[in-house]
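**Q** Before I ask anything, let me first share the structure, which is written out below as structure tokens.
Residue numbers (the numbering used here): 1055 to 1439.
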């Protein structure tokens, strides 16, 4: 008579190792549940410490214009950044390449409530963002700008024009071709800087024609616009932000109702910064927000065309797989509509043929992941390198 094989009991797994008893498993589960709040608090603390650098940029994005108006020490001043600190142009100590030629220089600008860290570090040790990786792989010089995103876009545009002018005047032999990369509001600041830079260049040329000295001529030859070759606009609301348009409309309706509660709520909404308000219709010049009709539903807006001889790369994110739907045009990457990111000014069929504009749509990318997408990086690397 053959022996029957031993049947495994509930506490013995297939590999023969004893399984903890039911009471021990219950006790372990209770212990994990008890530790969960503390583990969560620890995780929250670690995340907050890792992102502590965002506190000041967020404050400036929301109320930076008010901080600057009262000369608050927390108001961010536009500057190049290294080691998470401001660095003066004279202290950048830029040098030509090893062969003595000027180095291609890439300048990165963050968006609303951002800072330079978004270009430098990712979510993990292996997630290297665009700036350091681009510098390592191509040998270009990468610089990072931080600015007060609560100021008017045109104010930051003029400040960027001044900063780039100082850069070229200080390092005319070290800075070669210039590439500007802007995310969200940063792209609008770049476009505004180009507007004010071109106006300044025209005034310098006018002075030369009327008989200026050699110093003015040298200033014209080292103008940053003469070095500018490429502009990358990542998720930029070139025709305005639907979120800010809805905020403005909500405030307007509440104010028209004209009851104490609605007036109070409207007043709170209107406390948002000038930089946020400028996103409604992508106002790039002073005259647009200074106009008496600036708060109309359809205010006047100065046309700022692409700069001649500059290659524009319009990079558009989309939450959807398809780029042909109305939802894609309106919602785009979740914060910037695809139609606005493409920009009417960059899609004008009657534009001069010499304009160099490339538009690329990346599906299943939201506003933030445009900054860590391998596809977007490879496009940037190929065009820059």
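Yeah, the Cβ is synthetic: ideal placement off N, Cα and C, and Gly gets one too.
Please read these numbers as outputs of a predicted model, since none were measured by experiment.
Please check the pair residue 1431 and residue 1162, which I expect to be a contact at CB under 8 Å, by giving their CB distance rounded to whole angstroms.
**A** Between residue 1162 and residue 1431 the Cβ distance is about 13 Å, and since that is not below 8 Å, they are no contact.
**Q** In terms of residue numbering, what span does the beta strand (DSSP E) encompassing residue 1230 cover?
**A** Looking at the DSSP string, the run of the beta strand (DSSP E) that includes residue 1230 is 1229-1237.
**Q** Are the Cβ atoms of residue 1247 and residue 1156 separated by less than 8 Å?
**A** Contact flag unset, no.
**Q** Contact criterion: CB-CB distance below 8 Å. Does residue 1244 meet it with respect to chain D?
**A** Of the chains in the structure shown, none is chain D; there is only one protein chain.
**Q** Under 8 Å, do residue 1206 and residue 1329 count as touching if we go by C-beta distance?
**A** Yes, the pair counts as a contact, with Cβ atoms nearer than the cut-off.
**Q** Just reading off the alpha helix (DSSP H) that residue 1413 is part of, what are its end residues?
**A** Not the alpha helix (DSSP H): residue 1413 falls in the beta strand (DSSP E), residues 1410-1417.
**Q** If we ignore side chains and look at the alpha-carbon of each, how far apart do residue 1210 and residue 1203 end up?
**A** So the two alpha carbons sit approximately 8 Å from each other.
**Q** Determine which residues share a DSSP beta bridge with residue 1141 and list them.
**A** Residue 1141 pairs with 1134.
**Q** What does the Cβ neighbour count give for residue 1436, buried or exposed, with the cut at 16 atoms within 10 Å?
**A** Its Cβ having fewer than 16 others within 10 Å, residue 1436 is exposed.
**Q** Just list the alpha helix (DSSP H) runs in the segment 1193-1231, keeping only unbroken ones of 4 residues or longer that don't cross its boundaries, in chain order.
**A** Here the runs fully enclosed are 1207-1224.
**Q** On the CB-based measure, 16 or more other CB atoms within 10 Å of its CB, does residue 1097 come out buried or exposed?
**A** In this prediction, residue 1097 has a pLDDT of 44, which is less than 50 and means its spatial position is unreliable; what the coordinates show is noted afterwards. Per the 10 Å Cβ criterion, exposed.
**Q** Could you give the residue range of the beta strand (DSSP E) that holds residue 1163?
**A** Run containing residue 1163: 1157-1163, per the beta strand (DSSP E) assignment.
**Q** Does the beta-carbon distance from residue 1370 to residue 1386 come in below 8 Å?
**A** Yes, these two residues count as a Cβ contact at 8 Å.
**Q** Taking buried to mean at least 16 other C-beta atoms within 10 Å of its own C-beta, is residue 1321 buried or exposed?
**A** Label assigned to residue 1321: exposed.
**Q** Does DSSP put residue 1378 in a helix, in a strand, or in coil?
**A** Of the three classes helix, strand and coil, the one that applies to residue 1378 here is coil, per DSSP.
**Q** Would residue 1346 be called buried (16 or more neighbouring beta carbons within 10 Å of its own) or exposed?
**A** That one is exposed.
**Q** Does the distance from the CB of residue 1278 to the CB of residue 1232 come in under 8 Å?
**A** Cβ distance < 8 Å, so residue 1278 and residue 1232 count as in contact.
**Q** Would you kindly work out how many angstroms separate the C-alpha atoms of residue 1290 and residue 1408, rounded to a whole number?
**A** Residue 1290 and residue 1408: Cα-Cα distance of roughly 23 Å.
**Q** Assuming residue 1374 and residue 1382 are in contact, meaning their beta carbons sit under 8 Å apart, how far apart are those beta carbons, in whole angstroms?
**A** About 5 Å; that satisfies the 8 Å criterion.
**Q** When DSSP labels each residue in this structure, what does residue 1185 get in the three-state scheme?
**A** The answer is helix: DSSP assigns residue 1185 an H, G or I state.
**Q** DSSP state of residue 1442, grouped into three classes?
**A** There is no way to answer for residue 1442, as the model of the chain reaches only from 1055 to 1439.
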